[in-house]
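Counting the sequence shown from 1 gives a position; my numbering is that position plus 165.
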Amino acid sequence: ITVNGDNRVSGIERLSPIMRGEPIEASQQVIPIQAIEQFLTRPLVVSIDELETSPHIIASRDGRLIYGSNDLVYLRDSTSLEVDQSYSVYRPGTALTDPVTENILGYEAIHVGDGNITKAGDPATFYLTNAKREIFRGDRILEVESLDIDADFHPRAPEQNINGQLIYLYNAITQVGAYQIVVANVGKKHGIEKGHILAINKAGRLVSDPYAKEQQEEKVLLPNERSADAIVFRVFDNLSYLFILDANRPVRNG
């Protein structure tokens, strides 16, 4: 260590690590945006009316049955689409059904690609700029939503009691864990907002007690057990998408 170019220093000062604290800004993200970015910029749930009335692919220029990036395809019912405007290609997926009422709350929209209109008309010519997976005749065209993917998430408890169920596990068959995505049958109509932290509980099952006394019920409902905590990151009228922050046991539908 030199001072002003001179090798001589006077005295010795010992430096040790210290702790410094600083406030967490509200704008700091509490979940990794890259893990949910595609869910913020694409429609996740659509009604059957939206899918049935949206433009659909009827054929390709070269007559193939499977389409991909850089292919030209033709659309019907596309009079509302604008030339050179970007659109996304979707395929109707799983029907999201309320386990209590058995009503269909919506349909999962599977994003399969993107493109733009090169020539208006009926049919219109559509250029596929990219394909996330194989694109087929009958796939639908929907507008790309303009959402702020850097939106802040302010973790907080809901203002009222929430009682719902998980009805869909994204990219999973039977169970999920931390940093995965699930869908619940509660949404805006139930007071759910983006940033709400919800507890996920494994429902207690009904068991028989062969040693029950005469005045006791033989059937016993075991208590619910907390499985995970999750944050709501996107909300629809009757549905919400949750990102699991931590889990101490597998999370399943129901």
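Where a beta carbon is used, it is the ideal one built from N, C-alpha and C, also for glycine.
V248 versus I332 - alpha carbon distance: 39 Å
Contact check, I357 vs I338, beta carbons under 9 Å: no
Host beta strand (DSSP E) of T262 (start-end): 251-262
Neighbourhood of Q250 by C-beta distance below 7 Å, restricted to the same chain and skipping five residues each side: N281, I282
Coil, strand or helix - D411 by DSSP: strand
Cβ contact (3+ pairs, closer than 8 Å) linking the region 295-302 and the region 224-237: yes
Local Cβ density within 10 Å of Y376, reported as buried at 16 or more and exposed below that: exposed
CB of R241 within 9 Å of CB of I269, strictly: no
S245, buried or exposed, once every other Cβ within 10 Å from all chains shown has been counted against 16: exposed
The region 395-412 touching the region 335-355, judged by at least three CB pairs closer than 8 Å: yes
Beta strand (DSSP E) segments (min. 3 residues) lying fully within the region 378-409: 384-386, 390-400
Range of the contiguous beta strand (DSSP E) that encloses T290: 289-296
Burial state of N403, where buried means 16 or more other Cβ atoms lie within 10 Å: buried
N-terminal and C-terminal residue of the alpha helix (DSSP H) that L216 is part of: 213-218
Same chain, Cβ closer than 6 Å to G342, five either side skipped, listed in chain order: A412
Residue burial classification, H361 (beta-carbon count within 10 angstroms, cutoff 16): buried
Interface flag, V347 vs chain C, CB-CB below 9 Å: Considering every chain present, this structure includes no chain C. It has just one protein chain.
Where the beta strand (DSSP E) containing T283 begins and where it ends: 269-284
Expected contact under 8 Å - CB spacing of V211 and Y272 to nearest Å: 6 Å
Bridge partner(s) assigned by DSSP for A307: The amino acid occupying residue 307 in the given sequence is Leu; Ala does not appear at that position. Answer is S253.
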